[in-house]
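These notes are about the structure you will find just below.
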Amino acid sequence: MRNEYQNKLESFFSENKRMPTYRQMMKLFGFKSKNAVFKVVEKLIKAGLVAKDHLGRLIPTDLFGKIPMLGLVTAGFPATVEEELTDKINLDDLLIKNKPLTYMLEVDGDSMIDAHIEIIAEVDGEFTMKYFRKVGNKVWLEPANKNYKPIYPEHSLNVNAILKAVIRKYSN
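Sequential numbering of the sequence shown, starting at 60, is according to this note's numbering.
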């Protein structure tokens with residue numbers, strides 16, 4: 060299971076795009092000595108979460124930042140959830156097949172509020188996210204919100220990307 064130190068290191072790394080120094084870890088962990096930091100670092104190295112480079116600086120390993128897979132939840136009839144750590148998943152490994160061609164976009168607007176987006180398209184020089192529809196030679200983009208109308212291109216429609224995953228952030 061993840062521990063408090065791992066969470067703090069991952070937060071620091073996410074914000075600073077580098078691992079903290081031992082002195083920064085003292086402050087981060089609330090320790091009074093570098094020796095206490097050294098002991099935590101040794102445990103993280105043994106767990107395979109971090110390593111040291113040729114200069115002795117901490118670097119994240121492939122396991123660093125992975126999300127724990129806690130078990131299975133059914134989508135059919137409700138069932139008891141058996142919580143056990145079954146694996147750790149790196150979202151990059153799960154979602155990205157060709158890193159140089161992969162990018163993220165933040166969605167602004169609500170025309171696709173009722174569904175997952177299928178494509179990112181350029182329609183007559185402007186970009187949007189919609190369902191791609193084709194019947195015979197006729198193509199159009201369809202929203203998943205009934206308050207919006209389908210988009211029929213006047214001049215051109217280019218599919219720029221096909222959706223592979225959606226990460227949604229729900230408000231509490």
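No residue lacks a Cβ here, since even glycine has one placed at the ideal position from N, Cα and C. Model, not experiment: these values are computed from the prediction.
Which first and last residues belong to the alpha helix (DSSP H) in which residue i is found?
i: K205; result: Here K205 belongs to no alpha helix (DSSP H), and DSSP marks it neither H nor E.
i: L108; result: No alpha helix (DSSP H) contains L108, which DSSP labels as neither H nor E.
i: D151; result: L150 to L154
Residue i lies in the beta strand (DSSP E); which residues open and close that run?
i: I178; result: I178 to V182
i: E101; result: Looking at the DSSP string, E101 is not in any beta strand (DSSP E); the run it does join, the alpha helix (DSSP H), is K93 to K105.
i: L160; result: No beta strand (DSSP E) holds L160; DSSP gives it neither H nor E.
i: L216; result: L216 to I221
Is residue i helix, strand or coil when you go by DSSP?
i: P79; result: coil
i: N66; result: helix
i: E185; result: strand
i: F123; result: coil
i: L241; result: Because the chain is modelled from 60 through 231, residue 241 falls outside the range shown and cannot be assessed.
i: F88; result: helix
What's the gap between the Cα of residue i and the Cα of residue j?
i: L154; j: K223; result: 7 Å
i: K93; j: E165; result: 41 Å
i: V225; j: K91; result: 43 Å
i: V99; j: M163; result: 34 Å
Keeping to the same chain, check which residues put their C-beta closer than 7 Å to that of residue i; ignore five residues upstream and five downstream.
i: L108; result: Q65, T120, L122 and F123
i: D173; result: A203 and N204
i: A138; result: Because A138 sits at a pLDDT of 48, beneath the cut-off of 50, its placement in the model cannot be relied upon, and the point is left open.
i: W199; result: R192, P209, I210 and Y211
i: E24; result: Nothing about residue 24 can be read from this structure; the chain reaches only from 60 to 231.
If you drop the 5 nearest sequence neighbours on each side, which residues of the same chain put their C-beta closer than 6 Å to that of residue i?
i: A220; result: I179
Give a yes or no on whether the C-beta atoms belonging to residue i and residue j are separated by under 8 Å.
i: V182; j: L216; result: yes
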